[in-house]
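Each remark here refers to the structure printed beneath this line.
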Amino acid sequence: MDVYTERHGSGEPILFVHGAGGSSEYWYYQKEHLKRHMEVLTIDLPGHGRSVGDGCRSIEEFREAVREALQKLGIKKCYMAGHSMGGAIAMSFALAYPDILKGIVLICTGARLRALPAILDGLMKDKEATVRMIIDYAFSRKIPEKLKEKGFMDMMRCNAETIYNDFVACDRFDAMNLLKSIQTPSLIICGEDDLLTPPKYSEYLHKIIRNSQLNLIRDAGHMAPLEKPEEINNMILPFVAEIEKARNGL
1 MDVYTERHGS
11 GEPILFVHGA
21 GGSSEYWYYQ
31 KEHLKRHMEV
41 LTIDLPGHGR
51 SVGDGCRSIE
61 EFREAVREAL
71 QKLGIKKCYM
81 AGHSMGGAIA
91 MSFALAYPDI
101 LKGIVLICTG
111 ARLRALPAIL
121 DGLMKDKEAT
131 VRMIIDYAFS
141 RKIPEKLKEK
151 GFMDMMRCNA
161 ETIYNDFVAC
171 DRFDAMNLLK
181 SIQTPSLIIC
191 GEDDLLTPPK
201 YSEYLHKIIR
211 NSQLNLIRDA
221 GHMAPLEKPE
231 EINNMILPFV
241 AEIEKARNGL
């Protein structure tokens, strides 16, 4: 399955995987900062951004598309950061292909991602109103309207069927009984104001995934990488540095 990817910078590779209805553009602030320290890889999942198709209807299908993309890029081992649905993909990847991962960054996600019935019911009937509802839930009330409007316009670029398939994939995802098998070092991040995947979801991940650390971000909602990009970047870099230090016996 051909997907659109970009690579920037040099050093330890980190692949950023976006969430439902998103694209690689979502990671702009991470790419611009981290490419000075690492090799930043971004992907448009099938049906999103500059990739073709209507997407996938399971996290496992998305995971396989990501694995194929890494193979085509010639990446044998990397870090992986995933937001929301992308976090589910990263967890699924850590369970299926742990040897490919040095560490995972799980941002505003959970072991189960049940979709609100109003989202599943509404997307194919009234895309604009439903996307507006998603965005209202997704951003902290403390974030400027201008940023929320950009989030709305970005999601509207994705066709309704693709977004619907994303939420179906999320709704089917359940790693509650599998988390304890994840051995990959994990950085778990969540906005304190996240209404879609509340902090208790991240606290549960931290409790069950043995080699994990948890960071909560004040005044951030579900779209924390857009809302508080500096905080996210400043959490990823020391996480990677610590793992590399341990790997190199320093």
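Numbering (the UniProt record's numbering), first residue to last: 1 to 250. Virtual Cβ for every residue (Gly too), placed ideally from N, Cα, C.
Residue i, enclosing alpha helix (DSSP H) - first and last residue
| i | result |
| --- | --- |
| C170 | 160-172 |
| N233 | 229-247 |
| L147 | 145-156 |
Residues near residue i in its chain [Cβ-Cβ closer than 6 angstroms; skip 5 each side]
| i | result |
| --- | --- |
| Y201 | G110 |
| G47 | G53, D54, G55, T162 |
| Y26 | H18 |
Residues of its chain near residue i, where Cβ-Cβ distance is below 8 angstroms and the 5 sequence neighbours each way are ignored
| i | result |
| --- | --- |
| D174 | A111, R112 |
| L187 | G103, I104, V105, L106, S212, Q213, N215, M235, I236, F239 |
| L120 | Y164, F167, V168, D171 |
Residue range of the unbroken beta strand (DSSP E) whose run includes residue i
| i | result |
| --- | --- |
| L196 | Per DSSP, L196 belongs to no beta strand (DSSP E) and is neither H nor E. |
| E192 | Premise fails: E192 is in no beta strand (DSSP E) and is neither H nor E. |
| L216 | 212-217 |
Test: residue i CB closer than 8 angstroms to a CB of chain B
| i | result |
| --- | --- |
| A94 | Looking for chain B here will not work: only one protein chain is present. |
Beta-carbon separation (whole angstroms), residue i vs residue j, contact threshold 8 angstroms
| i | j | result |
| --- | --- | --- |
| L205 | L179 | 7 angstroms |
| E39 | G82 | Actually they are not in contact, since the Cβ atoms of E39 and G82 sit about 17 angstroms apart, beyond 8 angstroms. |
| S92 | I59 | 5 angstroms |
| M85 | G19 | 4 angstroms |
Coarse secondary structure for residue i, derived from DSSP in three states
| i | result |
| --- | --- |
| S10 | coil |
| S140 | coil |
| R114 | coil |
| T5 | strand |
Sequence-distant residues of the same chain with beta carbon closer than 7 angstroms to residue i, five excluded per side
| i | result |
| --- | --- |
| R172 | S58 |
| D44 | V3, Y4, S23, S24, R50, S51 |
Which whole runs of the alpha helix (DSSP H) in the UniProt domain "AB hydrolase-1" (13-109) are 4 residues long or more, in chain order? 28-34, 59-73, 85-96
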